[in-house]
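The structure appears right after this line, and notes come after that.
2 protein chains.
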Amino acid sequence: MKKTIFIFSTLIVALLILFRLSEYAFLVGDTSIELIIAIVAIVFLGIGLYINKKRAETIPRKDGEIDAKKIKELGISDREYEVLLEISNGLSNKEIGEKLFVSESTIKTHVSNLLVKLDAKRRTQAIQRAKELQIIAG
Amino acid sequence: MKKTIFIFSTLIVALLILFRLSEYAFLVGDTSIELIIAIVAIVFLGIGLYINKKRAETIPRKDGEIDAKKIKELGISDREYEVLLEISNGLSNKEIGEKLFVSESTIKTHVSNLLVKLDAKRRTQAIQRAKELQIIAG
DNA sequence: GTTGTTTTAGTACTTTAGTATGAAGACCAA
DNA sequence: TTGGTCTTCATACTAAAGTACTAAAACAAC
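As given, the protein sequences belong to chains A and B, one line each in that order. If you count the first sequence from 1, position 2 lands on 2 in our numbering, and the numbers rise without skipping. Going from the second sequence to our numbering is simple: count from 1 and add 138.
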């Protein structure tokens, strides 16, 4: 959101500078000032709509509300949690290793630890448990 | 969305009329035109953000809603679907076999068929795909 | 009553997954 | 500096999972 504010501020300032430099000459010309204002309004309205749309799409959906406290309570480390996410994405140990730039052995270790901490026998059960515990998105 | 467009058009027209009526007199006054344009930009940007936020909040989101049609389209049989549900519950092939009173071999056959039909390499990926396709609950 | 699908089950095999254990470097706090 | 977690990796297993067939009984449909 900070980035968004920065972008807009920059845009607005740039617009102002543009107007100042041109002394409205070529932009205004025969065009009435109302039209310019209208165009500015429409353009910025469009930007506002676009930005929030982007943001809405990237928000995973808050019906889940991942419980960060519970992750700590279970003693799941940062790295283990990363592995958990990839498991729920359907990746194999080998693929997770490649994605996180570590060996498959390392992933196996993390997975074994996760299974103990989540009280699961298999990775599929771990996914199920993690959802019940609200530590991954549904 | 049509309503949104109508509201904006109305707003813009109203703004134009306001400017025309006042002959910029009281609004412009000592204020520079750049400032007015900047204010218009910010205001409409805010409106754009607000509207899309409202819209995002009011979208019901089709959460559950299992798509029975898609199951048929994929050629997934009744029995295969039962197996799929148990997979997503985290059961092993052996456990599924015991629950459905058939052999583990049979479950393996069903799982293999499911993986092909769901275009998945592993059962964890099958779970993921099935959710994307909305054929099992999230 | 033959056709086609579904469900069942098997064998034989390869590939992942998971367990157990040990160990080493990084880092942080007492 | 020592102790404790975290992260990394390895070896050597065992246990599941998944593939590739084949095949037979059940059952509806035509």
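We put the CB at the ideal spot given by N, CA and C, even for glycine.
Same chain only: Cβ atoms within 7 angstroms of residue i, ignoring 5 sequence neighbours per side
i: residue 265 of chain B; result: 225, 226
i: residue 93 of chain A; result: 104, 107, 108, 111
i: residue 123 of chain A; result: 87, 111
i: residue 131 of chain A; result: 138
Chain-order list of residues whose beta-carbon lies under 6 angstroms from that of residue i (same chain, five-residue window excluded)
i: residue 248 of chain B; result: 218, 221
i: residue 97 of chain A; result: 103, 104, 107
i: residue 30 of chain A; result: With a pLDDT of only 48 at residue 30 of chain A, under the threshold of 50, the placement of this residue in the model should not be trusted; the figure read from the coordinates follows. None.
i: residue 206 of chain B; result: none
i: residue 42 of chain A; result: none
Proximity test, Cβ basis, 8 angstroms: residue i and chain B
i: residue 134 of chain A; result: no
i: residue 116 of chain A; result: no
i: residue 40 of chain A; result: yes
i: residue 66 of chain A; result: no
i: residue 47 of chain A; result: yes
i: residue 139 of chain A; result: Residue coverage of chain A in this structure runs from 1 to 138, which leaves residue 139 of chain A outside it and unanswerable.
i: residue 127 of chain A; result: yes
i: residue 106 of chain A; result: no
i: residue 124 of chain A; result: yes
Close Cβ partners of residue i (< 8 angstroms) along its chain, the five nearest in sequence each way excluded
i: residue 66 of chain A; result: 134, 135, 136, 137
i: residue 257 of chain B; result: 267
From the options, residue whose alpha carbon lies closest to that of residue i
i: residue 255 of chain B; options: B/185, B/209, B/180, B/239; result: B/209
i: residue 251 of chain B; options: B/213, B/207, B/179, B/206; result: B/213
i: residue 100 of chain A; options: A/120, A/78, A/121, A/119; result: A/78
i: residue 267 of chain B; options: A/73, A/46, A/91; result: A/91
i: residue 223 of chain B; options: A/41, A/125, A/43; result: A/125
i: residue 139 of chain A; options: B/235, B/179, B/259, B/181; result: What is shown of chain A runs 1 to 138, which leaves residue 139 of chain A out entirely.
Cβ of residue i within 8 angstroms of any chain A Cβ
i: residue 182 of chain B; result: yes
i: residue 268 of chain B; result: no
i: residue 168 of chain B; result: Residue placement at residue 168 of chain B is flagged as unreliable, the pLDDT there being 49, under the threshold of 50; a coordinate-derived value is accordingly withheld.
Coarse secondary structure for residue i, derived from DSSP in three states
i: residue 105 of chain B; result: Residue numbering for chain B in the displayed model covers 139 to 276; residue 105 of chain B lies beyond these limits and cannot be assessed.
i: residue 211 of chain B; result: helix
i: residue 233 of chain B; result: helix
i: residue 239 of chain B; result: coil
i: residue 127 of chain A; result: helix
i: residue 122 of chain A; result: coil
i: residue 220 of chain B; result: helix
i: residue 228 of chain B; result: coil
i: residue 204 of chain B; result: coil
Mind listing which residues of the segment 71-92 of chain A have their C-beta closer than 8 angstroms to chain B's C-betas, in chain order? 87, 88, 89, 90, 91, 92
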